[in-house]
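First the structure, in the form of C-alpha cells, and then the observations on it.
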Amino acid sequence: MKRFISTSSTVVLAIGLVFTGILASCLVARAQAPAPAPVGVQRVKFTSGNNYLILEFLNDDLVHFELSALGPGPDPASPLFTTPQVFKTDYAGPNSFTQSGVGGNTLDTADMKVVVDTGSLCVTATDKTKSLVLTTLCPLNLAQAWKGLSIAPGGMQNVYGLGEQFIQWGNPNGDWTVSGRQQRTPGDNFGNQMIGFGGGADGNAQIPVMYAVGANNANYALFLDQIEKQSWDFSGNPWNVQMWGDQIRGYLLTGKDLPTLRQAYMDLVGRPPVPPKKMFGLWVSEFGFQQGAI
Numbered sequence: 008m009k010r011f012i013s014t015s016s017t018v019v020l021a022i023g024l025v026f027t028g029i030l031a032s033c034l035v036a037r038a039q040a041p042a043p044a045p046v047g048v049q050r051v052k053f054t055s056g057n058n059y060l061i062l063e064f065l066n067d068d069l070v071h072f073e074l075s076a077l078g079p080g081p082d083p084a085s086p087l088f089t090t091p092q093v094f095k096t097d098y099a100g101p102n103s104f105t106q107s108g109v110g111g112n113t114l115d116t117a118d119m120k121v122v123v124d125t126g127s128l129c130v131t132a133t134d135k136t137k138s139l140v141l142t143t144l145c146p147l148n149l150a151q152a153w154k155g156l157s158i159a160p161g162g163m164q165n166v167y168g169l170g171e172q173f174i175q176w177g178n179p180n181g182d183w184t185v186s187g188r189q190q191r192t193p194g195d196n197f198g199n200q201m202i203g204f205g206g207g208a209d210g211n212a213q214i215p216v217m218y219a220v221g222a223n224n225a226n227y228a229l230f231l232d233q234i235e236k237q238s239w240d241f242s243g244n245p246w247n248v249q250m251w252g253d254q255i256r257g258y259l260l261t262g263k264d265l266p267t268l269r270q271a272y273m274d275l276v277g278r279p280p281v282p283p284k285k286m287f288g289l290w291v292s293e294f295g296f297q298q299g300a301i
C-alpha cells in the first residue's frame, strides 16, 4: 500500500511537471511572439484646386506632410523633401495602415488616425491610444508669400519649445500660452539673431519644434522643417504659425508623454556628438570660484 501511494504520487508529480512545462512553453512562446512587421512607408496625396497635401506615414506615431498652393506637386511615390535639419529618413513605415472614408480621407495606423477635409485640406489628428483628438491643422493664406497653418488648441493648455526668445526679465517659465509671451517672433529677417535684453545680447534662435501639452498626458509635437523665419501666435483660437517658402513641410508626432516625444524628435533630427569629458581639459571661470577661497 505504501508503495502504491508512493508510485501514485510520483505519477501525479510527473503529470504536474509535464503540465507546468507545457504552460511555461506556451507563456514563453507568447512572450517571444514577433511584433508585426512594418508595412512600409505609406504616402497619400490629396488635391483641391491648385492646392495639394501629401501625407507620408513613417511609423505608427509619426506623419510627415507637405502642403502647397503650387500644384500639382510631387509624385507621392517618391519620398518627401527634407532639409538638412532632418537626420533620419530611413523609417520602415507603420505596423498597420488602412485608408477608408469618403474619398479615402481617413487614414489609420496602430496609434494614430488622420482625417483630411478634401476641400479645405485641413487635417484632424487623433491619438488612438488615448482616444483623444489632438488638433486640426488648416492651411492659412496658402497662396500668399507669407503663409502658414492654423492650429486648433483642442484640449492642449500649454506650449513649449520653439527655440529661445527672452521676453520677461526674471521669469523662466517657458510656456508660450502665458499672457505677455504669446508671440514667438523671429530675431531678424533670417530668423536668428543676438538681440538686446537685460543689458546684454541674448540669443533669439529658431528651433521650430512645438510641444503641446494638456491634462492627463495629452500631448503631441509639431516640427516644421522650414529654414525660413517663422512667427508663432498663441494669443487667439486657433493658434497660428506663418513663414516664407513655396511649400510648408513638417512632422506631427504623437506619444505617451513628453519624454517619449522628445526622444522621437531627437531620433528625427539627430543628436550632436559630444566627446568624453576628459577631452575638454581644464576650464577655469570667474564664476567657478570665490576670490580668497581655499
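Numbered continuously in this note's numbering, the sequence shown closes out at residue 301.
Don't be surprised by glycine CBs; every beta carbon is placed ideally from N, CA and C.
- Thr267 sits in a helix when the DSSP states are folded into three classes.
- By the C-beta criterion, the region 153 to 163 is judged not to be in contact with the region 77 to 91, since fewer than 3 inter-stretch pairs fall below 8 Å.
- Residue pairing of Ala132 in beta bridges, as defined by DSSP: Val121, Thr142.
- Residue Leu144 holds the alpha-carbon nearest to the alpha-carbon of Ile255 among Leu144, Phe197, Phe241.
- Under the 10 Å beta carbon count, Asp232 is surrounded by 16 or more other beta carbons and is classified as buried.
- C-alpha of Leu149 to C-alpha of Gln237: approximately 15 Å in a straight line.
- Contact check for Leu229 against Leu69 fails: the beta carbons are separated by 8 Å or more.
- Under the DSSP assignment, Tyr227 falls in the beta strand (DSSP E) whose first and last residues are 226 to 231.
- Residue burial annotation: Asp182 is exposed, with fewer than 16 other C-beta atoms found within 10 angstroms of its C-beta.
- Residue environment analysis places Leu268 among the buried positions, since at least 16 neighbouring C-beta atoms fall within 10 angstroms of its C-beta.
- In the three-state reduction of the DSSP assignment, Leu275 falls in the helix class.
- Distance check between Thr116 and each of Ala76, Val109, Arg50 places Arg50 closest, using alpha-carbon atoms only.
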